[in-house]
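Note sheet for the following structure.
Numbering (the working numbering), first residue to last: 7 to 211.
As structure tokens, this is what we get:
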């Protein structure tokens with residue numbers, strides 16, 4: 007649901023001018039996975055993607071037609087939870103069913119790309135555009151995380167501005183992984199047994 011932007015102030019005109027992603031209309035329905043790969047690792051990461059595409063040339067067909075994979079350069083930041091080095095952001099936009107247990111087209115390949123980025127190249131996930139698995143242990147990737155948590159504690163000692171989710175991603179309490187049947191399809195977990203995927207639909211661990 008939108009928390010900011012013009013969709014909050016849409017005209018009362020019977021949804022004629024509703025935003026394309028407004029859930030009240032039959033509009034666009036897609037998701038994004040976004041992460042930053044350190045600039046020095048980008049060439050190797052792209053070569054890994056090319057290797058996957060050689061296995062199945064149609065493997066990127068499940069990506070959104072116009073957006074696909076958007077790449078943009080980002081600079082380093084002195085912010086405690088900012089990018090510590092220059093990096094390349096990868097926005098992967100893909101279609102998916104509204105039924106969470108329905109696999110996406112070539113989902114196994116897109117999942118592989120995501121996991122290669124996050125775990126092999128230690129990519130940093132976008133704080134607002136990812137699924138649970140991207141944030142599992144993410145706080146350990148930031149060398150200034152202890153300083154951030156100290157400032158957070160000083161400004162919000164009672165946790166008024168915290169939630170179960172922020173506690174999980176910041177490594178304060180619990181973790182972001184949810185293990186259940188079909189959890190890998192939704193990015194709630196990394197598939198460790200067939201039931202986490204969609205075995206009856208050909209998607210296995």
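Where is the CB? At the ideal position from N, CA and C, for every residue including glycine. Note that the structure is predicted; figures quoted are calculated from it, not measured.
Check residue i in the structure and name its three-state DSSP category.
i           : result
residue 94  : strand
residue 154 : helix
residue 80  : strand
residue 178 : coil
residue 124 : helix
residue 72  : coil
residue 161 : helix
residue 21  : coil
residue 4   : With the chain covering only 7 through 211, there is no way to say anything about residue 4.
residue 114 : helix
Taking the DSSP output, what are the residues bridged to residue i?
i           : result
residue 42  : 95 and 130
residue 36  : 101
residue 209 : 204
Got a sec? Which residues, its chain only, sit under 8 Å from residue i by beta carbon, not counting five neighbours each side?
i           : result
residue 217 : A question about residue 217 goes unanswered here, because the residues of the chain that appear run from 7 up to 211.
Only counting the same chain, and skipping five residues up and downstream in sequence, which positions put a Cβ closer than 7 Å to that of residue i?
i           : result
residue 109 : 191, 204, 207 and 209
residue 93  : 42, 43, 44, 45 and 80
residue 128 : 147
residue 26  : 33 and 34
residue 176 : 145 and 155
Give the single residue among the options whose Cα lies nearest to the Cα of residue i.
i           : options              : result
residue 107 : 193, 119 and 96      : 193
residue 4   : 143, 175 and 100     : What is shown of the chain runs 7 to 211, which leaves residue 4 out entirely.
residue 170 : 179, 105, 47 and 163 : 179
residue 114 : 202, 18 and 24       : 202
In chain order, what residues of the same chain lie with their CB nearer than 6 Å to the CB of residue i, ignoring the 5 residues before and after it?
i           : result
residue 122 : 54
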